[in-house]
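Following this line, the structure appears as structure tokens:
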């Protein structure tokens with residue numbers, strides 16, 4: 001749910017949101033099954 005919300009909020013791929021996009025990727029990688 002959090003991922004879907006953030007993907008929608010960050011969909012415009014703005015440069016000033018790059019750090020948020022990176023953090024979202026990190027969060028998803030940490031939660032992925034090993």
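Residue numbers (the UniProt record's numbering): 1 to 34.
Glycine included, every Cβ here is placed at the ideal spot set by N, Cα and C.
Inter-residue Cα distance where the pair is residue i and residue j
i	j	result
residue 2	residue 17	16 Å
residue 33	residue 22	19 Å
residue 5	residue 28	13 Å
residue 14	residue 31	25 Å
Residue i and residue j closer than 8 Å at C-beta
i	j	result
residue 10	residue 20	yes
Range of the contiguous alpha helix (DSSP H) that encloses residue i
i	result
residue 28	18-31
residue 7	2-9
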